[in-house]
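A.B. asks: Numbering (the working numbering), first residue to last: 47 to 367.
By construction, the Cβ of each residue, glycine as well, lies at the ideal position given by its N, Cα and C atoms.
The structure displayed is predicted, hence computed values, not measured ones.
1. On the DSSP bridge assignment, give the partners of residue 182 in chain order.
2. Who does residue 226 pair with in a DSSP beta bridge?
3. Could you give the distance in angstroms between the alpha-carbon of residue 62 and the alpha-carbon of residue 211?
4. Using a 10 Å radius around the Cβ and a threshold of 16 neighbouring Cβ atoms, would you call residue 139 buried or exposed?
5. May I ask which residues mark the beginning and end of the alpha helix (DSSP H) holding residue 144?
6. Where residue 337 and residue 304 are concerned, what is the direct C-alpha to C-alpha distance, given to the nearest angstrom?
7. CA-CA distance, residue 105 and residue 79?
8. Closer than 7 angstroms: is that where the CB of residue 51 sits relative to any heavy atom of the ligand ZN?
9. Taking the alpha carbon of residue 334 as the point to measure from, which residue in 296, 82 and 318 has its own alpha carbon closest?
10. Could you check whether the stretch 253 to 265 touches the stretch 148 to 164, counting it as contact only if at least three pairs of C-beta atoms, one from each stretch, sit closer than 8 angstroms?
11. Quick one: grab the DSSP three-state call for residue 269.
12. So what does DSSP say about residue 323, is it helix, strand or coil?
13. Going by Cα to Cα distance, which pick from 191, 313 and 223 is closest to residue 383?
14. Roughly how many angstroms lie between the CA atoms of residue 238 and residue 54, to the nearest whole one?
15. For residue 354, count the other beta carbons within 10 Å of its own beta carbon; 16 or more makes it buried, fewer makes it exposed. Which is it?
16. Excluding the 5 residues preceding and the 5 following residue 188 in the sequence, name in chain order all residues of the same chain whose CB lies nearer than 7 angstroms to its CB.
17. Can you give the Cα-Cα distance for residue 102 and residue 72, rounded to whole angstroms?
18. Any idea what DSSP makes of residue 137, helix, strand or coil?
19. Over the uninterrupted alpha helix (DSSP H) stretch that includes residue 261, give me the two end residues.
20. Is it buried or exposed, residue 341, if we count other Cβ atoms within 10 angstroms and call 16 or more buried?
21. Output yes or no for whether 8 angstroms exceeds the beta carbon distance between residue 273 and residue 253.
22. With 16 other CB atoms within 10 Å as the buried threshold, where does residue 115 fall?
23. Please say whether residue 58 and residue 165 have beta carbons closer to each other than 8 angstroms?
24. Going by Cα to Cα distance, which pick from 315, 298 and 316 is closest to residue 330?
25. Of the choices 361, 311 and 147, whose alpha-carbon is the least far from that of residue 186?
26. Determine the DSSP secondary structure at residue 65, reduced to helix, strand or coil.
27. Does any C-beta atom of chain D lie closer than 8 angstroms to the C-beta of residue 173?
28. So residue 158 is in the beta strand (DSSP E); what residue range does that whole segment cover?
29. Is residue 126 helix, strand or coil by DSSP?
30. Given this structure, state the Cα-to-Cα distance separating residue 21 from residue 349, to the nearest angstrom.
31. Comparing alpha-carbon positions, which option in 242, 118 and 196 lies nearest residue 363?
32. In whole angstroms, give me the CA-to-CA distance for residue 258 and residue 83.
33. If you check the beta carbons only, do residue 352 and residue 171 fall under 8 angstroms apart?
34. Only counting the same chain, and skipping five residues up and downstream in sequence, which positions put a Cβ closer than 8 angstroms to that of residue 67?
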């Protein structure tokens, strides 16, 4: 019997923990998810262990796990496998690699979730044929991963690619990082919700208000997308404004890094061309030649599995190449 080499891949997010067993071709052989518990780091790690245990129990007889990859939002010392801090998790200087290695006896690799989403797209998704890639994950905030000449760029301390905190409007709203007008404050899901509350006051009648049953505070991102697809004026105006700022951020990225591909994933990517079209218009108008001529802006092929597939790709790149 031929044995397939596989990796256990974990993506620890602020609301859910995803796990998968992945083979070297990027096939997800089994997967599951659990809500991320509130509480202490030990509570979160108990769920991580439960997810890993269930994946191991479900493993097919013809597979062999060679390692465990873990994606975590935050600042990661990837060499030591330590989560220095995480914005949505109770992790502070958590030695997650040594904790998981001691429990399972497998090599463990840990990195930032934005880095690994980009690596997943490079290995198994929209960026397979590219060497210079920026991966953007747009949800409540904006995460990123940078791949230069086929390799992840992590910077001196492993905290490169905090593109979400690049200031694009110094007079913009205050960000959670205490700066003003950061990329993620102007162009993320959080920004879309802020802007829509302004736009519905201008366009008081429309599909979106009916969808929310008149309760502006109950409007969600998926509602705004649905309404925009139906031609709702407030929703379209909100996407045009947020998409404009998204384009300003991408303009800066293209002029700094000169990538061939920008891959857009995360929850906001579900809006598709609603956010990409206004962004592309800004790039066409503002970005320098030849940067804008060679760069494509595309949607993720991996969707919400980009993190786990990137975590698996990290294992394979460290152990099998």
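C.D. replies: Concretely, from the data shown:
1. 190 and 310
2. 220
3. 24 angstroms
4. exposed
5. 142 to 150
6. 5 angstroms
7. 16 angstroms
8. Ligands in the displayed structure: none, and consequently the ligand ZN is not present.
9. 296
10. no
11. helix
12. Reduced to three states, the DSSP call for residue 323 is helix.
13. Any property of residue 383 remains undetermined from this structure, which presents the chain solely from 47 to 367.
14. 35 angstroms
15. Buried, since its Cβ has 16 or more Cβ neighbours within 10 Å.
16. 182, 209, 210, 229, 230, 233 and 234
17. 18 angstroms
18. coil
19. No alpha helix (DSSP H) contains residue 261, which DSSP labels as neither H nor E.
20. It is buried - the Cβ of residue 341 has at least 16 other Cβ atoms within 10 Å.
21. Residue 253 is positioned such that its CB atom lies closer than 8 angstroms to that of residue 273.
22. buried
23. no
24. 298
25. Measuring from the Cα of residue 186, the nearest candidate turns out to be 311.
26. strand
27. In the displayed structure, chain D is absent; only one protein chain is listed.
28. Here the beta strand (DSSP E) through residue 158 covers 154 to 158.
29. coil
30. Residue 21 lies beyond the stretch modelled for the chain, which goes from 47 to 367, so this question has no answer here.
31. 196
32. The straight-line gap from Cα to Cα measures roughly 29 angstroms.
33. The answer is yes: Cβ separation under 8 angstroms.
34. 52, 53, 54, 55, 74, 75, 76, 77, 101, 104, 105, 109 and 111
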